[in-house]
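Data first, discussion second: the structure below is written as structure tokens.
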Amino acid sequence: MLTGEENYIIAHGVTGGDVVARPDLVAEPHTGLLIACSYWQRKKISAAADLDDVATECGLVQGGDEGLVLQRTYLARLKKILL
């Protein structure tokens with residue numbers, strides 16, 4: 241999910257697609273992945289992710305801690321699967 245006009249304008253520059261005029265493009269897998277990776281890099285989320293600092297990740301992505309408990313649960317499950 242992408243929100244905010246500024247993020248759509250940035251996504252337009254990343255993808256070359258007119259996601260401002262056609263926000264449905266964001267839902268396409270390739271376009272969505274490009275946007276997500278760009279956002280992750282721009283917000284410097286890797287440092288928090290490397291430390292499993294879910295609270296900081298939440299703050300960087302959504303500006304708060306809504307859903308923090310659930311996101312910590314998802315991280316624990318994912319680590320069991322991948323590690």
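So for the sequence shown, this note's numbering puts the first residue at 241; every next one is plus one. All C-beta atoms, glycine included, are put in the ideal place defined by N, C-alpha and C.
query, result
"With burial defined as no fewer than 16 other Cβ atoms inside 10 Å of the residue's Cβ, what is the status of residue 324: buried or exposed?", "Absent from the structure is residue 324, since the part of the chain shown begins at 241 and ends at 323."
"Is residue 242 closer than 8 Å to residue 275 when the C-beta atoms are compared?", "yes"
"Please list, in chain order, all residues of the same chain as residue 281 whose beta carbon is under 8 Å from its beta carbon, the five residues on each side excluded.", "none"
"Over what stretch of residues does the alpha helix (DSSP H) that includes residue 299 continue unbroken?", "294-302"
"Can you list, in chain order, the residues of its chain with a C-beta nearer than 7 Å to that of residue 182? Leave out the 5 residues immediately preceding and following it.", "In this structure the chain extends from 241 to 323, so residue 182 is not present and cannot be described."
"With residue 254 as the anchor, note down where its alpha helix (DSSP H) starts and where it stops.", "245-255"
"Any chance you could list the alpha helix (DSSP H) runs of at least 4 consecutive residues sitting entirely within the stretch 258-286, in chain order?", "269-282"
"Let's see if you can read the secondary structure: which residues bound the alpha helix (DSSP H) around residue 315?", "308-322"
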